[in-house]
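So the sequence shown is numbered by this note's numbering: it starts at 12 and just counts up by one.
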Amino acid sequence: VIGIPANITSYSWSPATNISNASGGPIVQVWPTDTTIYTVTMVSPDSTWSNTVTVNVVHVVEPNAGVDDSTCFTNPDGYQLQGILYNDGIYNWENSEGPAGSNSVFNPDNLTIDAFVTVDMPGIYEFVLHESDTNNVCPDGSDTLLVYYSEETHTSTFTDPTCFGGDDGSISITSTGTTGAVEYSFNGGASFTTLSDSIDLSAGSYDIISRDIIGCEFTSTVIITDPLEVTLVVGPTPDST
Numbered sequence: 012v013i014g015i016p017a018n019i020t021s022y023s024w025s026p027a028t029n030i031s032n033a034s035g036g037p038i039v040q041v042w043p044t045d046t047t048i049y050t051v052t053m054v055s056p057d058s059t060w061s062n063t064v065t066v067n068v069v070h071v072v073e074p075n076a077g078v079d080d081s082t083c084f085t086n087p088d089g090y091q092l093q094g095i096l097y098n099d100g101i102y103n104w105e106n107s108e109g110p111a112g113s114n115s116v117f118n119p120d121n122l123t124i125d126a127f128v129t130v131d132m133p134g135i136y137e138f139v140l141h142e143s144d145t146n147n148v149c150p151d152g153s154d155t156l157l158v159y160y161s162e163e164t165h166t167s168t169f170t171d172p173t174c175f176g177g178d179d180g181s182i183s184i185t186s187t188g189t190t191g192a193v194e195y196s197f198n199g200g201a202s203f204t205t206l207s208d209s210i211d212l213s214a215g216s217y218d219i220i221s222r223d224i225i226g227c228e229f230t231s232t233v234i235i236t237d238p239l240e241v242t243l244v245v246g247p248t249p250d251s252t
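Quick look at the structure:
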């Protein structure tokens with residue numbers, strides 16, 4: 012409330028932005044985007060007066076939990092949260108949703124802004140960052156981060172070479188992971204292919220890897236064995252003519 016002299020003939024408000032009428036008065040509406048000091052100049056037949064009004068603006072609390080992401084379920088460190096606070100208010104992380112029966116652990120705790128989160132089964136999890144308003148004016152704010160924990164697994168079948176020392180063995184990989192594999196290796200990761208079968212293999216031990224679109228891998232070993240070698244024994248009569 013400001014003092015209003017009698018017989019005012021005009022009003023002039025500064026700044027003239029975000030105001031219902033810059034030359035109106037004695038009551039105007041304002042909607043500044045930040046705390047603003049408004050100065051009003053009032054003119055009467057015999058004088059000019061000025062007064063100021065401070066309009067304090069408290070912004071809505073909007074913490075940032077991060078961009079939705081994915082990680083490998085088998086990562087021993089879990090997923091690192093990278094939240095950003097709005098005004099350094101009191102905050103905490105919450106696992107609001109996940110697969111039925113799942114549990115999550117925040118390391119070192121859910122009061123650490125960059126905590127690591129490990130879960131006990133693959134799937135989609137919702138992590139919510141809550142933050143309070145330090146001015147105690149606006150409601151608490153929150154933001155949700157979706158993290159997909161992917162797990163790659165596979166089964167394999169193989170055939171041994173037809174003959175001892177042959178190279179017509181084969182291995183076939185069937186992905187059973189959460190997203191399904193997109194790449195396969197039959198040489199321990201030295202090279203990858205989009206084909207899930209490998210042929211023309213000789214006897215030996217093969218470290219096979221399936222990898223999904225996120226980069227999660229599963230490794231197993233297949234041993235291809237030669238059949239028994241065919242041998243001929245001539246005798247017991249010595250060679251003769």
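Ideal placement from N, C-alpha and C gives every residue a C-beta, glycine not left out.
Under 8 Å, with one C-beta from each stretch per pair, do the segment 204-218 and the segment 175-194 reach the 3-pair mark? yes
Nearest CA to the CA of Ser143: which residue from Thr168, Gly112, Asn103? Here the question's residue 143 lines up with position 132 in the sequence shown. Nearest option by C-alpha distance: Asn103.
Is Val12 helix, strand or coil by DSSP? Counting from 1 along the sequence shown, the entry for residue 12 is found at position 1. Summary for Val12: the model assigns pLDDT 44, below 50, so the residue's position carries little reliability; its value from the coordinates is reported in the next sentence. DSSP, read as helix, strand or coil, puts Val12 in coil.
Please determine if the segment 187-203 and the segment 235-243 are in contact, where contact requires at least 3 C-beta pairs separated by less than 8 Å. No, the segment 187-203 does not touch the segment 235-243.
Supposed contact pair Gln93 and Gly112 - C-beta distance, whole angstroms, cut 8 Å: Mapped onto the sequence shown, residue 112 falls at position 101. Mapped onto the sequence shown, residue 93 falls at position 82. Between Gln93 and Gly112 the Cβ distance is about 27 Å, and since that is not below 8 Å, they are no contact.
Three-pair Cβ contact test at 8 Å for the segment 40-56 versus the segment 106-120: no
Using the three-state DSSP reduction, which class does Asp178 fall into: helix, strand or coil? On the sequence shown, position 167 is the one that residue 178 refers to. Assigned with DSSP and collapsed to three states, Asp178 falls in coil, not helix or strand.
Entirely enclosed alpha helix (DSSP H) segments - the segment 110-161, minimum 4 residues: none
Using the Cβ count rule (16 or more neighbours within 10 Å means buried), how would you classify Val12? Locating residue 12 in the sequence shown gives position 1, counting from the first residue. With a pLDDT of 44 at Val12, under the threshold of 50, the predicted position of this residue should be treated as unreliable, and no value is reported.
So which of Leu96, Ile95, Tyr97, Asp120 has the shortest CA-CA distance to Glu105? Taking the first residue of the sequence shown as 1, we reach residue 105 at position 94. Out of Leu96, Ile95, Tyr97, Asp120, Asp120 has the C-alpha closest to the C-alpha of Glu105.
Residues that Gln91 bridges to, as DSSP identifies them: For the purposes of this step, residue 91 is identified with residue 80 of the sequence shown, where counting begins at 1. Per DSSP, Phe127.
Consult DSSP for Trp24 and reduce its assignment to one of helix, strand or coil. Indexing the sequence shown from 1 puts residue 24 at position 13. Of the three classes helix, strand and coil, the one that applies to Trp24 here is strand, per DSSP.
What residue range does the beta strand (DSSP E) around Phe229 cover? Start at 1 with the first residue of the sequence shown, and residue 229 comes out as number 218. Start and end: 228-235.
Which residue marks the beginning of the beta strand (DSSP E) containing Ser61, and which one marks its end? As a first step, residue 61 is located in the sequence shown; it is residue number 50 there, counting from the start. Per DSSP, Ser61 belongs to the beta strand (DSSP E) from 59-66.
Between the alpha carbons of Asp154 and Ala33, how many angstroms are there, rounded? Here residue 154 refers to the residue found at position 143 of the sequence shown. Here residue 33 refers to the residue found at position 22 of the sequence shown. When rounded, the distance between both Cα atoms is 38 Å.
Can Asn62 and Val54 be called in contact, C-beta distance under 8 Å? The residue labelled residue 62 in the question sits at position 51 within the sequence shown. The residue labelled residue 54 in the question sits at position 43 within the sequence shown. Against a cut-off of 8 Å, the Cβ pair of Val54 and Asn62 comes out as no contact.
Ser213, enclosing beta strand (DSSP E) - first and last residue: Counting from one through the sequence shown, the residue named residue 213 turns up at place 202. Counting along the chain, Ser213 falls outside any beta strand (DSSP E), and DSSP gives it neither H nor E.
Quick one: grab the DSSP three-state call for Ile19. Within the sequence shown, the letter at position 8 stands for residue 19. Reduced to three states, the DSSP call for Ile19 is coil.
Which class does Phe203 belong to by DSSP, given the choice of helix, strand or coil? Position 192 of the sequence shown, counting from 1, holds the residue named residue 203. Coil at Phe203, not helix or strand.
Distance CB(Cys227)-CB(Cys83) smaller than 8 Å: By one-based count along the sequence shown, residue 227 stands at place 216. By one-based count along the sequence shown, residue 83 stands at place 72. Yes.
Over what stretch of residues does the beta strand (DSSP E) that includes Ser251 continue unbroken? On the sequence shown, position 240 is the one that residue 251 refers to. Per DSSP, Ser251 lies in no beta strand (DSSP E) and is assigned neither H nor E.
Distance, Cα to Cα, Thr28 vs Trp60? Stepping through the sequence shown from its first residue, residue 28 is reached at position 17. Stepping through the sequence shown from its first residue, residue 60 is reached at position 49. Thr28 and Trp60: Cα-Cα distance of roughly 21 Å.
Could you tell me the alpha carbon to alpha carbon distance between Ile234 and Pro247, rounded to whole angstroms? Looking up residue 234 in the sequence shown gives position 223. Looking up residue 247 in the sequence shown gives position 236. Between Ile234 and Pro247, the C-alpha separation is close to 38 Å.
Considering only DSSP beta bridges, list what Phe11 is partnered with. The structure shown does not extend to residue 11, since the chain is modelled only from 12 through 252, so no value can be given for it.
Does the distance from the CB of Asp218 to the CB of Thr232 come in under 8 Å? To locate residue 218, count along the sequence shown from 1; it is residue 207. To locate residue 232, count along the sequence shown from 1; it is residue 221. A Cβ-Cβ contact shorter than 8 Å links Asp218 with Thr232.
Determine whether the beta carbon atoms of Ile225 and Tyr195 lie at a separation below 8 Å. To locate residue 225, count along the sequence shown from 1; it is residue 214. To locate residue 195, count along the sequence shown from 1; it is residue 184. Not a contact, by the Cβ cut-off of 8 Å.
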